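**Student:** The sequence shown maps to residues 90 to 350 in the numbering used here. The beta-carbon is built from N, C-alpha and C at its ideal position, and this holds for glycine as well. Because the structure is a prediction, the values reported are computed rather than measured.
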Amino acid sequence: MIIALFGMGIVTSFVLTILLTLESVRVDYLETIAKTKGWLGIEDSNKQLCVANFFDSLKTVINNNGELNVEALVEVEFALYRRTAHALEVIGNLLITLGLVDQEQLLRGLRGAMGGMGTAFYTTLLGSVLGGVLLRVYGYIDENGVDSLENALTRICLVYCSADFKPSAEREVRVLNQEIQLLTQKIEYLKKVLNESKTVVSDFTTELAELHKRETNPHSLEETIKLRKEYLDSLRQEFQLKRMNRGAWWKVLKKSFRKTD
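Have a look at this one:
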């Protein structure tokens, strides 16, 4: 039981650490964007992580002109990570309790008197080391990671994006400039696509002109007919050789002297 709970705690801590690492990388990237483009440049499409959910909720509040409380919103969005880190501490406490009152192991040990005291001692030691030390340390590390993420997001919002949160004429101008930039990028992309389409159409027109020229040129038509006739003659000779190999060589020999068109 002690080992099973410890394994569950280790897996939970590992998964939480990976998620916090991914969130930290994403926050660093968004901070770089916020330094140059502000709130309007932040776009997060991965809706499965808490950072993306935070910015999505933040946009909803701003678009609805609601009352914004960044600290409270950060705590709400990251409550899942904090509860998971707290669960590690609970598992650690359970391991200590199981080490102290593991009745099954204790009763087995009591059959051998002194051996019972030894078994109780080792179960207590195992639960204390695994639960009281390792899992509590892991839970403390994960909780510090959650605090670091919350502080980083709060700093981004208060330092780089606070000017865009309040409704004002300046914010509307920045929004308009952002929309104009996006529209300009789309226009440039359309121009590029049109230029590529023009090139493809031009190549296709050139190929059609060359094909039409070949069809209207009598010399090329005669050459084509001549090549076709030579090809048919070679096929006829090949068939004759196959017939001779089959035994009808006399008939083939007579037909070969006949005049053909």
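#1: Assuming the contact rule is C-beta atoms closer than 8 Å, E120 and F167 should be a hit. Round their C-beta distance to whole Å, please.
#2: Excluding five sequence neighbours on each side, which residues of the same chain lie with their C-beta closer than 6 Å to the C-beta of G130?
#3: Compare the C-alpha of V159 against each of N182, C246, L297 and name the closest.
#4: Which class does C139 belong to by DSSP, given the choice of helix, strand or coil?
#5: Quick one: what's got a C-beta closer than 8 Å to L111's C-beta in the same chain, skipping five residues either side?
#6: For G234, count neighbouring Cβ atoms within 10 angstroms of its own Cβ and tell me buried if that reaches 16, exposed if not.
#7: Output the distance between the C-alpha atoms of Y249 and A241, rounded to the nearest integer angstrom.
#8: May I have the straight-line CA-CA distance separating I314 from V282, to the nearest angstrom?
#9: Give the secondary structure of G205 by DSSP, where H, G and I count as helix, E and B as strand, and everything else as coil.
#10: Is the beta carbon of D253 closer than 7 Å to that of W128?
#11: So N240 is in the alpha helix (DSSP H); what residue range does that whole segment cover?
#12: Quick check on the burial criterion: 16 or more other C-beta atoms within 10 angstroms. Buried or exposed for L162?
**Tutor:** If we stick to the structure as given:
#1: Contact between E120 and F167 fails: their C-beta atoms lie close to 17 Å from each other, not under 8 Å.
#2: Shown here for G130: same chain residues with a beta carbon closer than 6 Å to its own, the five before and five after excluded, namely I122 in chain order.
#3: The shortest Cα separation from V159 among N182, C246, L297 belongs to C246.
#4: Helix, per DSSP.
#5: Leaving aside the five residues that flank L111 on each side, the residues in its chain whose CB is nearer than 8 Å to its CB run, in chain order, L138.
#6: Around the beta carbon of G234, 16 or more other beta carbons lie within 10 angstroms, which makes this residue buried.
#7: Answer to the nearest angstrom: the Cα atoms are 12 Å apart.
#8: A straight line joining the alpha-carbon of I314 with that of V282 spans about 43 Å.
#9: The predicted model places G205 with a pLDDT of 46, which falls under 50 and marks its position as unreliable; any figure quoted below should be read in that light. Three-state result, G205: helix.
#10: Using a Cβ distance threshold of 7 Å, W128 and D253 count as a contacting pair.
#11: Element bounds for N240: 225-244.
#12: Result: buried.
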